[in-house]
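When we follow my numbering, the leftmost residue of the sequence shown carries the number 6, and every step to the right adds one.
Down below is the structure, laid out as structure tokens.
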Amino acid sequence: MSPEHQILPLCIGAAFISWVFLNKRSVRGDYFVVFYAFVIAFLSAQKYWSPVSFSVFKVSALYFSTLAFITVAYRLSPFHPLAKYPGPITWRISSVVLAFYSFTGKRHLYIDEFHKKYGPFVRIGPNALTINSINASPVLYGAKYHMEKSESYNKPGHIGGVSLFFKHTREESTKRKRIWYNAFSGSAIEHYFPPLERRTWQLTNCIENRTQKSTGIVDLSECLAHWSYDFMGEMVFGGSNDLELMRNGDPQGYIPGGKMATAIVDSFGQAPWIMDILWHLPSSKDIHRLQELSANMMRNRVKRSGDVSIKDVASYLIEGDRTTGEKIPMSDLEVESLIAIQGGKSSFSLEIRSDNTAMTMALIFYFLLTHPHCYAKLQAELDKVFPDPTVPLTNDKIAKVPYVEACVTEALRLASPFFIPRIVPPGGCEIDGNFIPEGTVAVLSAYSLQIDPKHFHPEPMAYIPERWMPEWEGPEKITNKAAFVSFSSGPYVCVAKNFAMQEMKLVVSRLVLTFDMSLPEVFDPKAFFDGFGNMRTSVFDRPLYVKAVRRSEKTKLEALAHSPY
6 MSPEHQILPL CIGAAFISWV FLNKRSVRGD YFVVFYAFVI AFLSAQKYWS PVSFSVFKVS
66 ALYFSTLAFI TVAYRLSPFH PLAKYPGPIT WRISSVVLAF YSFTGKRHLY IDEFHKKYGP
126 FVRIGPNALT INSINASPVL YGAKYHMEKS ESYNKPGHIG GVSLFFKHTR EESTKRKRIW
186 YNAFSGSAIE HYFPPLERRT WQLTNCIENR TQKSTGIVDL SECLAHWSYD FMGEMVFGGS
246 NDLELMRNGD PQGYIPGGKM ATAIVDSFGQ APWIMDILWH LPSSKDIHRL QELSANMMRN
306 RVKRSGDVSI KDVASYLIEG DRTTGEKIPM SDLEVESLIA IQGGKSSFSL EIRSDNTAMT
366 MALIFYFLLT HPHCYAKLQA ELDKVFPDPT VPLTNDKIAK VPYVEACVTE ALRLASPFFI
426 PRIVPPGGCE IDGNFIPEGT VAVLSAYSLQ IDPKHFHPEP MAYIPERWMP EWEGPEKITN
486 KAAFVSFSSG PYVCVAKNFA MQEMKLVVSR LVLTFDMSLP EVFDPKAFFD GFGNMRTSVF
546 DRPLYVKAVR RSEKTKLEAL AHSPY
């Protein structure tokens with residue numbers, strides 16, 4: 006038998022054994038690259054040490070083509086555990102396809118189209134399902150199964166340290182969760198409102214100062230992004246890091262860099278082996294930069310503990326577990342600060358994170374200004390409760406204007422297409438009579454659920470804050486609050502949900518009381534919203550330009566009183 010004929014069965018056998026091993030296990034991509042480089046070097050050396058002559062390229066091509074053929078054949082075969090679930094062929098073959106479409110920012114739109122074509126259960130990966138059913142939420146995110154996060158929540162680069170956001174054991178989660186709950190208890194969040202009020206007054210100055218004199222136009226999305234970073238720096242780190250983006254701008258590119266880092270982790274985390282490889286390439290520089298920034302900010306906060314006068318979030322993390330007295334290691338504190346700065350949407354991620362808070366606020370004003378009657382109605386109702394626009398906006402007074410929360414909630418319904426995958430535990434689970442086998446990565450299609458006419462009618466794609474008001478009733482009107490899942494539910498409900506809503510309502514109220522806003526003629530609303538995407542961070546491909554005219558000189562004096570510059 007010729008050497009080539011001897012190698013052929015060996016390659017096929019090796020490919021089959023590899024498939025058997027990899028079919029039920031995940032292997033780090035960077036480890037595989039190192040291992041394969043070693044194998045190539047070994048085989049290349051064999052050409053000179055062995056009398057048998059063969060091509061390393063041919064051996065590699067034969068091995069990988071055989072492995073690919075077996076893998077694809079199995080994933081499309083009736084023997085696959087998810088064979089009965091429909092879905093696009095390319096998505097069923099490889100998770101790389103999901104990663105690619107995630108990076109476009111339009112994942113939620115593609116998945117929604119799949120649900121319209123294939124039904125409520127769609128296979129979007131070799132081992133992944135998306136589900137458009139209101140009954141899926143309590144199963145995937147509820148206490149009964151307590152499903153673990155998928156591998157897309159692995160720490161990038163498998164860095165050390167435990168964080169509530171990233172994947173970890175249930176015991177670690179329980180201990181860390183206690184500390185975060187302390188940081189967002191009713192008494193704790195009272196400490197966050199004074200800096201929130203002060204920073205929001207500074208935001209009104211920022212908007213006015215950045216308004217172009219010639220056109221009267223200002224980039225509201227940029228102002229909100231800088232405000233959110235400044236507030237985060239004070240709320241999380243007690244002002245110990247002096248970010249002051251509203252004053253100095255963002256010359257270091259913290260915001261775009263943080264966005265890119267979050268987008269890469271979310272998108273390529275859907276194919277974790279790719280993320281393992283990217284971690285070592287220049288393309289991941291934004292992730293490393295954000296990691297370094299957050300670590301430095303936390304270390305600086307710890308050093309300046311004696312100088313911080315307010316009870317900030319970091320103080321609770323530094324204090325540790327009150328029940329056991331156990332402290333959080335510095336490596337963990339650094340990872341937690343990364344989530345506080347940029348974060349990522351999981352059912353337990355924090356709405357304190359600066360980036361998504363700012364982008365959500367921008368979307369709220371986009372919807373209000375593209376529906377000027379809503380802005381006018383909100384302004385009129387706020388004026389009734391706050392005839393003096395400079396008084397503190399307390400929660401109890403804002404609650405007297407329920408239309409504020411209605412406006413915020415309706416914006417979240419239309420623009421919070423978050424992707425929160427979970428791993429089905431041993432024994433599998435059942436949703437709507439469909440059995441989902443263990444090990445499956447299952448995710449609720451939040452966007453599809455929140456625009457489904459079965460749950461929101463009429464005009465589910467329209468911005469209608471009134472659908473959240475008590476007077477919204479009648480046989481043709483449907484508002485299924487259980488289908489609103491922006492903050493998730495069960496044990497994974499967002500720990501900062503209450504504060505997040507209060508924060509957004511306060512900022513919306515302050516800006517609407519302070520400014521008459523409108524969209525300039527040069528602004529294209531459709532193009533702006535078409536440029537909206539989500540990759541665990543919301544992104545726009547163009548600024549939100551608005552015209553903002555201060556309504557009262559009194560508010561300007563109040564803003565100046567709160568401004569250090």
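Each residue gets a CB set at the ideal place from its N, CA and C atoms; glycine is no exception.
Per DSSP, I469 is not a residue of any alpha helix (DSSP H), being assigned neither H nor E.
Burial state of Y371 is buried, judged by a 10 Å Cβ sphere holding 16 or more other Cβ atoms. Looking at the backbone, the Cα of F273 and that of P261 are separated by about 18 Å. Of the residues assessed, K389 falls on the exposed side of the cut-off, its CB having fewer than 16 other CB atoms within 10 angstroms. If you ignore the 5 residues before and after N400, its C-beta comes within less than 7 Å of the C-beta of Q507, all in its own chain and listed in chain order. Residue environment analysis places S289 among the buried positions, since at least 16 neighbouring C-beta atoms fall within 10 angstroms of its C-beta. Shortest Cα-Cα distance from F504 to any of Y321, E195, I279 involves E195.
Here DSSP, grouped into helix, strand and coil, assigns I436 to strand. Look at the beta carbons and you see the segment 518-536 touching the segment 375-386: at least three pairs across the two are nearer than 8 Å. The bridge partners DSSP lists for Y106 come to none. Listed in chain order, the beta strand (DSSP E) elements of length 3 or more contained wholly in the segment 113-199 are 126-130, 133-136. Scanning I403, R33, Y68, N187 for the CA closest to the CA of F21 turns up Y68. Contact fails between the segment 135-145 and the segment 236-244, because fewer than three Cβ pairs, one in each stretch, are under 8 Å apart.
Closest in alpha carbon position to H120, among G536, V448, E563, F545, is V448. Listed in chain order, the non-local C-beta contacts of V102 below 6 Å within the same chain comprise T95, W96, local neighbours out to five positions each way being set aside. Cβ-Cβ distances below 7 Å link G221 to K552 in the same chain, with the five nearest sequence neighbours on each side left out; the list follows chain order. Exposure of I315 is indicated by the presence of fewer than 16 other C-beta atoms within 10 angstroms of its C-beta. By DSSP's assignment, I483 forms a beta bridge with H462. Around the CB of F236, 16 or more other CB atoms lie within 10 Å, so the residue is classed as buried.
Comparing alpha carbon positions, the residue from V270, Q275, E297 closest to W284 is V270. D247 is not a Cβ neighbour of A266, given a cutoff of 8 Å.
Here the segment 478-493 makes contact with the segment 447-463; the two share three or more CB pairs at distances below 8 Å. Excluding five sequence positions before and after K510, the CB atoms of its chain that fall closer than 7 Å to its own CB belong to I403, V409, E410, V413, given in chain order. According to the DSSP assignment, I323 belongs to the alpha helix (DSSP H) that extends over 318-324. Its Cα nearest to that of F533, the residue R547 stands out among R547, S543, N305.
The bridge partners DSSP lists for S523 are K552. One thing to note: R304 has its Cβ no nearer than 8 Å to the Cβ of N187.
The beta carbon of T205 is closer than 6 Å to those of V512, R515 in its chain, skipping five residues each way along the sequence.
In terms of CA proximity to P200, V313 leads the group V313, F440, F126, K180. Listed as beta-bridge partners of D312 by DSSP are no residues whatsoever. Below 8 Å, too few C-beta pairs join the segment 103-115 and the segment 72-79 to call them touching: fewer than three. For A447, the enclosing beta strand (DSSP E) stretches over residues 446-449. Of the residues A564, S557, L368, S543, the one whose Cα lies closest to the Cα of H113 is S543. In this structure, M152 places its C-beta atom within 8 Å of the C-beta atom of I428.
Apart from sequence neighbours up to five positions away, the residues of its chain that approach R309 with a beta-carbon distance below 6 Å are S245, ordered along the chain. The residues Y106, in chain order, have a CB closer than 7 Å to that of Y115 in the same chain once the five nearest residues on each side in sequence are set aside.
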